[in-house]
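Enquirer: Structure provided below as structure tokens; questions to follow.
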Amino acid sequence: TWWRALLVVCTLPGLVSVPWMYFALPESVHFLMANGRYSEAHELLQDLERINGTQLAMGGQITSREYKAGLDPEHSLDWQQFSEMFNPEVRGTTLYLMLTFMACGFVYYGFSFIYPHTLEHLYGISLEEAFGQLLIVSSVEIGCCVAFTFYMDLQCVGRRGAMLTAWGLTCVCSIIALCVKDDQNAFQAANLLLKGCTGAAFTVIYVYAGELLPSTVRASVISVGGCFGRIATMGAPTILTALLEENVDLVYVFYISISGFALLVGILQYRETLGNPLVIYSSDLKPEIERLQQLHWTDRYFPIVSKLRKGGAEDVPYTPVG
Numbered sequence: 006t007w008w009r010a011l012l013v014v015c016t017l018p019g020l021v022s023v024p025w026m027y028f029a030l031p032e033s034v035h036f037l038m039a040n041g042r043y044s045e046a047h048e049l050l051q052d053l054e055r056i057n058g059t060q061l062a063m064g065g066q067i068t069s070r071e072y073k074a075g076l077d078p079e080h081s082l083d084w085q086q087f088s089e090m091f092n093p094e095v096r097g098t099t100l101y102l103m104l105t106f107m108a109c110g111f112v113y114y115g116f117s118f119i120y121p122h123t124l125e126h127l128y129g130i131s132l133e134e135a136f137g138q139l140l141i142v143s144s145v146e147i148g149c150c151v152a153f154t155f156y157m158d159l160q161c162v163g164r165r166g167a168m169l170t171a172w173g174l175t176c177v178c179s180i181i182a183l184c185v186k187d188d189q190n191a192f193q194a195a196n197l198l199l200k201g202c203t204g205a206a207f208t209v210i211y212v213y214a215g216e217l218l219p220s221t222v223r224a225s226v227i228s229v230g231g232c233f234g235r236i237a238t239m240g241a242p243t244i245l246t247a248l249l250e251e252n253v254d255l256v257y258v259f260y261i262s263i264s265g266f267a268l269l270v271g272i273l274q275y276r277e278t279l280g281n282p283l284v285i286y287s288s289d290l291k292p293e294i295e296r297l298q299q300l301h302w303t304d305r306y307f308p309i310v311s312k313l314r315k316g317g318a319e320d321v322p323y324t325p326v327g
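Counting in our numbering, the sequence shown runs from 6 upward without gaps.
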């Protein structure tokens with residue numbers, strides 16, 4: 006019956022949240038607009054503006070294909086604007102998010118699936134006990150995610166630095182787990198941190214993605230990136246099971262490869278967003294991208310080098326046009 010208890014534990018949070026979602030969670034602005042409830046959509050945006058203590062872009066003006074009354078032509082949306090995610094100013098970010106979401110989905114959910122079977126394979130632990138170990142891993146993961154929500158707000162780190170840290174630690178923990186598998190306690194400790202760091206990367210990427218993208222393509226790119234992440238998630242159990250049956254070392258070699266690849270992709274995504282305002286259109290990013298591309302490659306991809314050389318002086322934050 007242990008699996009029934011595990012199922013109950015996993016189901017309870019969702020059941021508890023149902024009343025709250027029904028009575029307190031507002032409808033989305035998109036749903037309200039699509040159903041002609043324009044005044045409710047504006048009231049919801051005003052509430053969000055008040056709660057967050059900031060002014061909405063474009064004065065809170067809503068744009069959609071169905072609701073164009075009184076809007077400037079440049080503010081009306083069309084399905085052709087979906088292609089904006091592949092504009093020169095945005096396509097690098099789009100590709101980065103697709104690959105990062107795939108890496109997060111594969112390692113995070115793949116680990117959750119294969120770890121109990123790995124313990125059973127290496128140490129003869131029953132699946133009941135192994136899944137109990139997975140619950141302990143999840144508790145450590147929560148601590149890592151909370152820590153990284155503060156860590157990514159440090160000026161010397163930022164969102165990009167937090168992502169690089171998370172993937173770097175994931176790679177290191179995978180290497181350690183591979184090297185200490187003869188010691189069960191050390192192996193389990195390394196896996197605790199491996200899952201925690203992957204969860205931290207998953208946490209930070211949603212914040213980083215929202216700040217990297219202009220408003221006109223933010224939802225589209227994050228949705229597409231999430232789809233790629235789910236595709237990787239669906240493939241993870243099959244791939245990792247095949248690797249485990251061949252050799253347990255291959256599972257961790259695969260983790261090292263994916264986290265190392267995500268780390269490399271994160272280095273190539275050189276834009277930091279902490280302290281910079283959100284932009285509305287992809288064209289607003291052009292001046293900042295041009296400024297960064299004029300920097301020496303060490304300053305562009307490894308800004309900590311530039312800060313150390315300048316004695317910790319910060320660059321003036323970029324202000325978008327308009």
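All residues carry an ideal CB built from backbone N, CA and C; glycine is no exception.
(1) One question on the structure: do Thr59 and Cys150 come within less than 8 Å of each other, judged by their Cβ atoms?
(2) Roughly how many whole angstroms lie between the Cα atoms of Asn196 and Leu290?
(3) Flag this pair as touching only if the region 184–199 and the region 273–289 have three or more C-beta atom pairs under 8 Å; answer yes or no.
(4) Below 6 Å CB to CB, which residues in the same chain sit around Ile272 once its five sequence neighbours on both sides are set aside?
(5) Cβ of Ser225 within 8 Å of Cβ of Glu94?
(6) Closer than 6 Å by C-beta to Leu20: which residues in its own chain qualify, once you throw out the five before and the five after it? Chain order, please.
(7) Beta carbon of Ser117: closer than 7 Å to some heavy atom of the ligand ATP?
(8) For Thr99 versus Met90, is the C-beta distance shorter than 8 Å?
(9) Looking at the structure shown, is Leu139 part of a helix, part of a strand, or coil, going by DSSP?
(10) Less than 8 Å separating the beta-carbons of Val270 and Leu169?
(11) Quick one: Cα of Leu49 to Cα of Phe155, how far?
(12) Name the residue from Tyr275, Ala241, Thr123, Gly97 whose alpha carbon lies nearest to the alpha carbon of Asn252.
(13) Tell me, to the nearest whole angstrom, how far the beta carbon of Thr203 is from that of Tyr120; I am working on the premise that it is less than 8 Å.
(14) Under a Cβ-count criterion, where at least 16 other Cβ atoms within 10 Å of its own Cβ denotes burial, should Gly75 be classed as buried or exposed?
(15) Grab me the residues of Ala182's own chain with a C-beta within less than 7 Å of its C-beta, minus the 5 sequence neighbours each way, in chain order.
(16) Quick check on the burial criterion: 16 or more other C-beta atoms within 10 angstroms. Buried or exposed for Phe28?
(17) Locate the alpha helix (DSSP H) running through Glu45, then write down its first and last residues.
(18) Assign Phe136 to buried or exposed, taking buried as 16 or more other Cβ atoms, counted over all protein chains shown, within 10 Å of its Cβ.
(19) Would you please state the rounded distance, in angstroms, between the beta carbons of Ala214 and Ile227? I believe it to be under 8 Å.
(20) Using a Cβ-Cβ cut-off of 6 Å (strictly less than) and excluding sequence neighbours within five positions of Leu174, which residues of its own chain qualify?
(21) What's the call for Trp172, buried or exposed, on a 16-neighbour Cβ count within 10 Å?
(22) State yes or no: is the C-beta of Thr238 within less than 8 Å of the C-beta of Phe153?
(23) When you compare the CB positions of Cys176 and Ile261, do they come within less than 8 Å of one another, or not?
(24) Which residue spans inside the region 235–299 form an unbroken alpha helix (DSSP H) run of at least 4?
(25) Excluding the five sequence neighbours on either side, which residues of its own chain have a C-beta within less than 8 Å of the C-beta of Val332, listed in chain order?
(26) Taking the C-alpha atoms as reference points, what is the distance between Val34 and Arg276?
(27) Roughly how many angstroms lie between the CA atoms of Phe266 and His301, to the nearest whole one?
(28) In terms of residue numbering, what span does the alpha helix (DSSP H) encompassing Cys161 cover?
(29) Give the straight-line distance between the Cα atoms of Thr243 and Gly163, rounded to the nearest whole angstrom.
Expert: Considering the structure as presented:
(1) no
(2) 39 Å
(3) no
(4) Tyr306
(5) no
(6) none
(7) Looking for the ligand ATP in the displayed structure turns up nothing, as the structure carries no ligands at all.
(8) yes
(9) helix
(10) no
(11) 28 Å
(12) Thr123
(13) Rounded, the Cβ-Cβ distance is 11 Å, inconsistent with contact.
(14) Caution is warranted here: a pLDDT of 44 is assigned to Gly75, below 50, making its placement in the model unreliable, and no coordinate value can be reported.
(15) Phe192, Ala195, Asn196, Leu199, Tyr257
(16) exposed
(17) 43–57
(18) buried
(19) 5 Å
(20) Cys202
(21) buried
(22) no
(23) yes
(24) 253–273, 291–298
(25) In the structure displayed, the chain extends from 6 to 327; residue 332 sits before or after that span and is not available.
(26) 29 Å
(27) 23 Å
(28) Where Cys161 is concerned, there is no enclosing alpha helix (DSSP H), given that its DSSP letter is neither H nor E.
(29) 35 Å
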